[in-house]
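Residue numbers (the numbering used here): 5 to 553.
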């Protein structure tokens with residue numbers, strides 16, 4: 005039997021049911037929050053933690069001069085020298101239960117929630133899944149719990165923050181209570197804020213001014229990483245991003261937290277302001293700091309930190325002549341560790357398909373991530389570039405071939421289907437599109453004075469680019485093998501769900517369906533009523549007999 009979301013369920017009472025997800029079962033009544041759409045999130049987190057556990061525990065054993073043997077790690081069994089994990093906002097405890105059953109090398113998992121009803125549900129689900137040896141239910145304010153765990157013996161090796169909305173209020177406590185080299189997993193679901201709809205709100209929450217760009221999903225990841233880094237720097241710590249994912253309606257980052265005052269000095273050079281043209285939407289990054297490494301007379305390496313000159317753009321855009329918007333600062337260093345992603349992908353491919361419900365999507369997304377250019381922040385969207393110049397769309401393989409034949413690197417981004425991430429200067433991108441415009445001319449009535457179309461296309465191309473000879477690297481492995489990268493909406497009521505105060509069940513789904521587009525429907529009804537009244541008035545005027553004079 006399955007519910008409306010496609011999850012296997014078993015009825016055990018009038019107001020309770022058992023929901024099964026992989027190895028875990030939760031008893032869900034009318035007072036717990038469960039979002040089946042987040043299964044991809046949970047599958048990815050479990051896969052990441054399995055790889056991280058081997059790395060982290062091996063490093064710990066080496067630092068203690070102890071022999072490391074991961075063959076003794078068994079999922080579901082307690083490891084005395086294993087990971088200590090905190091799920092700060094646990095709700096049903098499903099994630100913690102899956103962690104306990106599917107991650108090898110775990111010592112203890114604290115499943116915490118502020119709600120008394122949620123903690124009662126966690127305790128019941130822990131007993132139901134027989135994982136009392138690994139999971140400790142906790143009822144506490146998440147921030148208070150973390151602030152009380154800052155001593156070395158109480159610190160956590162892994163902290164998972166998956167709140168509804170912005171995670172920033174939890175970061176301060178998390179960064180103080182995490183062990184050196186530990187892993188911080190952070191989700192943000194307030195994508196409207198991160199994508200630039202309300203820059204004043206984003207600045208208040210994340211300390212960054214976002215710009216409304218087509219690469220807003222990667223921008224959201226970089227804003228979140230910037231926020232975590234600045235929080236960490238206050239305590240002499242810095243971040244090492246292992247994996248950063250934009251998926252569905254949220255962003256999720258996996259970062260290691262290291263301690264080191266000297267390394268914190270490099271943080272300034274890892275952040276950048278961003279300038280975006282208001283006409284052609286060309287963007288340019290301006291780092292906040294410079295790092296210069298030189299050799300002294302005695303042969304020693306010397307590092308100096310400086311402030312760059314700027315701005316890196318003129319008053320007007322060099323391509324179309326329009327003004328610039330300025331945003332940032334954002335994280336401009338790599339957002340993934342390719343070595344970690346490669347190991348993660350191998351681990352997932354070795355697992356049986358039945359163990360991870362989103363196995364194929366994980367393979368697809370991580371394959372694209374592995375192909376991404378790490379040293380190129382942000383990306384352009386090919387459709388938008390063509391739209392700016394009112395051009396017929398360039399086939400993506402031809403555009404990528406033109407860049408590759410010209411000697412530049414190019415990749416997709418996992419965050420957008422038609423993304424172009426390249427180390428080619430923007431002048432080259434517009435030059436390629438000028439060549440395409442020679443083949444597919446723009447209509448004269450669109451070549452208006454003062455528009456990016458006329459300003460950019462009136463210049464002749466500096467060289468001819470090769471479109472028709474498809475470069476061998478133009479079609480990457482992930483696209484060539486049609487790997488699942490961008491999943492369609494899995495259910496009719498798909499989305500981020502609601503806050504934990506609103507409970508799951510058929511009533512919630514029915515209410516959500518009734519309220520969908522409520523304001524728009526009301527406006528439509530009011531408009532129809534007004535039109536009907538006007539029509540009746542006109543008809544009544546027509547029916548009035550003429551008065552004889």
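We treat Cβ as the ideally placed atom computed from N, Cα and C, and that holds for glycine.
Quick caveat: nothing in here was measured; it's all calculated off a predicted structure.
(request) Evaluate the contact criterion for the segment 114 to 134 versus the segment 85 to 102: three or more CB pairs, one atom per stretch, below 8 Å. (result) yes
(request) Please report the residue range of the alpha helix (DSSP H) in which residue 150 lies. (result) 146 to 151
(request) Compare the C-alpha of residue 150 against each of 141, 124, 137 and 178 and name the closest. (result) 178
(message) Using 8 Å as the threshold, is the C-beta distance between residue 332 and residue 278 below it?
(response) yes
(message) Checking 8 Å against the spacing of the C-beta atoms, do residue 198 and residue 214 come in under that value?
(response) yes
(request) Go through the segment 239 to 311 residue by residue and report every complete run of the beta strand (DSSP E) that reaches 3 residues or more, in order. (result) 241 to 251, 254 to 263, 275 to 281, 287 to 291, 294 to 299 and 305 to 310
(message) Less than 6 Å between C-beta atoms, sequence neighbours within five positions excluded: which residues of the same chain meet that for residue 371?
(response) 482 and 487
(request) Please work out which residues of its chain come closer than 6 Å, Cβ to Cβ, to residue 288, disregarding the five sequence neighbours upstream and downstream, and give them in chain order. (result) 279, 316 and 317
(message) Assuming residue 185 and residue 262 are in contact, meaning their beta carbons sit under 8 Å apart, how far apart are those beta carbons, in whole angstroms?
(response) 6 Å
(request) Kindly list the residues whose CB is nearer than 7 Å to the CB of residue 43, restricted to its own chain and excluding five residues on each side of it in sequence; keep chain order. (result) 25, 361 and 362
(request) Report the option in 38, 50, 30 and 41 whose CA atom is closest to the CA atom of residue 359. (result) 50
(request) Drop a sphere of 10 angstroms on the beta-carbon of residue 152, count the other beta-carbons inside from all chains shown, and report buried for 16 or more, exposed for fewer. (result) exposed
(message) Please list the terminal residues of the continuous beta strand (DSSP E) segment that includes residue 28.
(response) 28 to 32
(request) Inspect the CB distances between the segment 469 to 480 and the segment 395 to 404 and report whether three or more fall short of 8 Å. (result) yes
(request) For the alpha helix (DSSP H) containing residue 123, list its first residue and its last residue. (result) 120 to 132
(message) If you follow the beta strand (DSSP E) that residue 115 is in, where does it begin and where does it stop?
(response) 110 to 117
(message) Whole angstroms are fine: how far does the CA of residue 219 sit from the CA of residue 385?
(response) 7 Å
(message) Please list the terminal residues of the continuous beta strand (DSSP E) segment that includes residue 221.
(response) No beta strand (DSSP E) contains residue 221, which is instead part of the alpha helix (DSSP H) from 220 to 237.
(request) Kindly indicate the opening and closing residues of the alpha helix (DSSP H) around residue 49. (result) 43 to 67
(request) With DSSP as the reference, please indicate the residues paired to residue 483 in a beta bridge. (result) Bridge partners of residue 483: none, in fact.
(request) Count the other CB atoms, across all protein chains shown, that sit within 10 Å of the CB of residue 455; report buried if there are 16 or more and exposed otherwise. (result) buried
(request) Give every residue of the same chain whose Cβ lies closer than 7 Å to the Cβ of residue 505, excluding the five residues on either side of it in the sequence, and list them in chain order. (result) With a pLDDT of only 47 at residue 505, under the threshold of 50, the placement of this residue in the model should not be trusted; the figure read from the coordinates follows. None.
(request) Return the Cβ separation of residue 428 and residue 407 in integer angstroms, given the expectation that the two are a contact with Cβ distance under 8 Å. (result) 6 Å
(message) Determine whether the beta carbon atoms of residue 435 and residue 466 lie at a separation below 8 Å.
(response) yes
(message) I'd like to know whether the C-beta atoms of residue 295 and residue 254 end up nearer to each other than 8 Å.
(response) no
(request) Can you tell me which of 237, 377 and 282 puts its alpha carbon nearest to the alpha carbon of residue 265? (result) 237
(request) Provide the residue span of the alpha helix (DSSP H) that contains residue 184, from first to last. (result) Element bounds for residue 184: not the alpha helix (DSSP H) but the beta strand (DSSP E), 182 to 192.
(message) Which same chain residues end up closer than 8 Å to residue 338 when comparing Cβ atoms and leaving out the 5 residues on each side of it in sequence?
(response) 245, 378 and 379
(message) I'd like the span of the beta strand (DSSP E) that includes residue 160, first residue to last.
(response) 160 to 165
(request) With residue 416 as the anchor, note down where its beta strand (DSSP E) starts and where it stops. (result) 414 to 417
(message) Please state whether the Cβ-Cβ distance between residue 274 and residue 336 is less than 8 Å.
(response) yes
(request) Would you decide whether residue 453 is buried or exposed? Buried here means 16 or more other CB atoms lie within 10 Å of its CB. (result) exposed
(request) Could you pull out every residue in the same chain whose Cβ sits closer than 8 Å to the Cβ of residue 352, ignoring the five residues on either side in sequence? (result) 51, 360, 363, 366, 367 and 370
(request) Would you mind reading off the limits of the beta strand (DSSP E) that contains residue 446? (result) Segment: none, residue 446 is in no beta strand (DSSP E) and carries neither H nor E.
(request) Find out if the Cβ-Cβ distance for the pair residue 417, residue 222 is shorter than 8 Å. (result) yes
(request) Determine the DSSP secondary structure at residue 140, reduced to helix, strand or coil. (result) strand
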